[in-house]
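Engineer: Structure provided below as structure tokens; questions to follow.
Residue numbers (the working numbering): 15 to 122.
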């Protein structure tokens with residue numbers, strides 16, 4: 015085989031190898047982007063809903079505690095209203111978490 019043919023074959027092989035590597039890297043980048051979108055859009059919202067559930071559960075406990083220790087009628091009414099709001103928010107977050115749908119709109 016002539017040197018010229020060997021040179022063309024080697025260069026062509028290298029270009030083909032670089033092309034294949036570029037395709038593999040582009041595919042890996044696309045998969046990484048898909049996985050990142052999954053984490054950002056789905057899992058992050060589930061974490062936010064779980065955080066809401068934790069916050070509202072704590073708030074309900076605090077309101078019940080204050081209602082039991084405080085004997086003022088106005089305070090008890092305010093605590094009851096806060097407790098009902100927390101119950102509504104908690105139920106909404108739990109339902110959304112079970113269904114896998116977000117409870118609030120994302121800030122874009």
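Glycine included, each C-beta is placed from N, C-alpha and C at the ideal position. If you're wondering where the values come from, they're calculated on a predicted model, not measured in any experiment.
State the DSSP-derived secondary structure class of residue 15, mapped to helix, strand or coil.
Structural biologist: Of the three classes helix, strand and coil, the one that applies to residue 15 here is coil, per DSSP.
Engineer: Measuring straight from C-alpha to C-alpha, what distance separates residue 105 and residue 47?
Structural biologist: Answer to the nearest angstrom: the Cα atoms are 33 Å apart.
Engineer: Using three-state DSSP, classify residue 114 as helix, strand or coil.
Structural biologist: Looking at residue 114 - three-state DSSP - the assignment turns out to be coil, as it is neither helix nor strand.
Engineer: Which whole-angstrom value is the C-beta distance of residue 93 and residue 77, which I expect to be below 8 Å?
Structural biologist: Correct: roughly 5 Å between the Cβ atoms.
Engineer: Do residue 110 and residue 63 have their C-beta atoms within less than 7 Å of each other?
Structural biologist: Yes, the Cβ-Cβ distance between residue 110 and residue 63 is below 7 Å.
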